[in-house]
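I have placed the structure first, in the form of structure tokens, so that the comments after it can refer back to it.
Numbering (the working numbering), first residue to last: 2 to 197.
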């Protein structure tokens, strides 16, 4: 690989690990579950005469849009960290890992702000089909981000100790796969729930 080329999501050794296969199966099953939720959302929306049901409900775009950009940035910072880890530079990896965690926490804070704003104008889980599906999708995704952040925090001590050997790369590659999945799902949620 040349110095200017983009690294693969996983090296050959990382793909050979049993954990890599397990993560692919895990992400595939979660992708099907999220797809089912999106189909439910699409079915409810297709049957509704007015969407969202409240009719006058102004769906926020700015803060969720900023959240989307922030989560994409967190995927980029994590991937830059993985690239540094593969190059044997654990100290740079640690900095990128901490940046990813910080940006992920900002995402969670913004999501809570959106929920508070919508709750204050009357969008509750009991508000009808839109409220139910909106909170189901966003809370479920929120929980996945919390799990992803927990996994990233779990790798911080090793990163700060400078452990950048091959054994450290496999777990962080698997966590990065999960984090990128969470980012992709959020983009789909933002487009389907907020924009369309």
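C-beta: ideal position from N, C-alpha, C; glycine also.
Since we're looking at a predicted model, the values are computed, not measured.
{"Item": "Taking only the alpha-carbon atoms, compute the straight-line gap between residue 52 and residue 133 and give it to the nearest angstrom.", "Value": "13 Å"}
{"Item": "Within the continuous alpha helix (DSSP H) that includes residue 158, where are the two ends?", "Value": "130-161"}
{"Item": "Would you report the Cα separation of residue 79 and residue 97, rounded to the nearest angstrom?", "Value": "6 Å"}
{"Item": "From residue 105 to residue 113, what distance separates their C-alpha atoms?", "Value": "13 Å"}
{"Item": "Please indicate yes or no: does the CB of residue 113 lie closer than 8 Å to some heavy atom of the ligand ADP?", "Value": "As for the ligand ADP, it is missing from this structure, which has no ligand bound."}
{"Item": "Out of curiosity, what's the CA-to-CA distance linking residue 21 and residue 50?", "Value": "45 Å"}
{"Item": "Look at the alpha carbon of residue 129 and the alpha carbon of residue 149, and state the distance between them as a whole number of angstroms.", "Value": "30 Å"}
{"Item": "Okay, do the stretch 188-197 and the stretch 154-163 touch, 3+ Cβ pairs below 8 Å being the bar?", "Value": "no"}
{"Item": "If contacts are defined as beta-carbon pairs under 8 Å, then residue 65 and residue 147 qualify, I think. What distance do you get, rounded to the angstrom?", "Value": "Their Cβ separation, rounded to whole angstroms, is 18 Å, which puts residue 65 and residue 147 out of contact at 8 Å."}
{"Item": "Among residues of its own chain, excluding the 5 on either side of residue 4, which ones have a beta-carbon nearer than 7 Å to its beta-carbon?", "Value": "Any reading at residue 4 must be qualified, since the residue scores a pLDDT of 48, below 50, and its modelled position is unreliable; the value itself is stated next. Nothing meets the Cβ criterion."}
{"Item": "Rank 140, 176, 171 and 109 by C-alpha distance to the C-alpha of residue 19 and give the top, closest one.", "Value": "171"}
{"Item": "Measuring alpha carbon to alpha carbon, tell me which residue in 38, 27 and 33 is nearest residue 136.", "Value": "38"}
{"Item": "Please report the distance separating the alpha-carbon of residue 118 from that of residue 181.", "Value": "27 Å"}
{"Item": "Residue 91: buried (16+ other C-beta within 10 angstroms of its C-beta) or exposed?", "Value": "buried"}
{"Item": "What do you get for residue 187, buried or exposed, if any count of 16 or more other CB atoms within 10 angstroms of its CB means buried?", "Value": "buried"}
{"Item": "Who are the near neighbours of residue 85 in its chain, counting only those whose CB is closer than 7 Å to its CB and skipping five residues on each side?", "Value": "93, 94 and 97"}
{"Item": "So, residue 185 versus residue 153, is the Cβ gap smaller than 9 Å?", "Value": "no"}
{"Item": "How many angstroms separate the CA atom of residue 192 from the CA atom of residue 158?", "Value": "36 Å"}
{"Item": "Using 8 Å for Cβ pairs, my map puts residue 179 next to residue 24. What's the rounded Cβ distance?", "Value": "7 Å"}
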